[in-house]
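In our numbering, the protein residues as written are 4 to 120.
What follows is the structure, encoded as structure tokens:
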């Protein structure tokens, strides 16, 4: 399983179609993370100002029809993530059938992501 972060309203916007985030057009792939700990580090580095609630999609790689490639971060990984960590990149729309769970990001009083529920 891999994780993808998305504002919940964006995920729910077009439930009858595969999910196509802006990064697919901008970067050529959908950014994902390998585990919950890395996902939380990514949220704290890049998504603290994103619209809330913020969701983590738990994706089954085997149910994706698009190619998934594990690659190193282009720049240094976010704080709290070891150098050399590989990130799954999905090179096409995310099939909704691949989404096994939709979890919500839990925040502390200082605006840091602390868990998924």
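C-beta: ideal position from N, C-alpha, C; glycine also.
Task: Separation of residue 60 from residue 67, as counted between CA atoms - done: The alpha-carbon atoms of residue 67 and residue 60 are separated by roughly 13 Å.
Open item on the list: I'd like the list of long-range same chain contacts for residue 114, defined as Cβ closer than 7 Å, with 5 residues on each side in sequence excluded.
Closed with: Excluding residues within five positions, the ones whose Cβ falls inside 7 Å are 51.
- [ ] Determine the DSSP secondary structure at residue 27, reduced to helix, strand or coil.
- [x] Three-state DSSP puts residue 27 in a helix.
TODO: With a cut-off of 8 Å on the beta carbons, I'd call residue 88 and residue 82 a contact; round off their distance for me.
DONE: Not really, about 12 Å apart at Cβ, beyond 8 Å.
TODO: For residue 29, collect the residues of the same chain with a Cβ closer than 7 Å to its Cβ; drop the 5 residues on either side in sequence, then sort them by chain order.
DONE: So no residue of the chain qualifies.
Open item on the list: Measuring only the C-alpha atoms, how far is residue 105 from residue 55?
Closed with: Residue 105 and residue 55: Cα-Cα distance of roughly 14 Å.
Task: Whole-Å CB distance - residue 22 paired with residue 96, under 8 Å assumed - done: With a contact defined as Cβ atoms closer than 8 Å, residue 22 and residue 96 qualify at about 6 Å.
- [ ] Below 8 Å CB to CB, which residues in the same chain sit around residue 47 once its five sequence neighbours on both sides are set aside?
- [x] Cβ within range, chain order: 81, 82, 83, 115, 116.
Open item on the list: Taking the alpha carbon of residue 15 as the reference point, which residue from 58, 37, 33, 35 has its own alpha carbon closest?
Closed with: Taking only the C-alpha atoms, the option nearest residue 15 is 58.
Open item on the list: So for residue 49, helix, strand or coil by DSSP?
Closed with: Looking at residue 49 - three-state DSSP - the assignment turns out to be helix.
Task: Range covered by the beta strand (DSSP E) that runs through residue 13 - done: Membership of residue 13 in any beta strand (DSSP E) is not indicated; the residue belongs instead to the alpha helix (DSSP H) covering 11–15.
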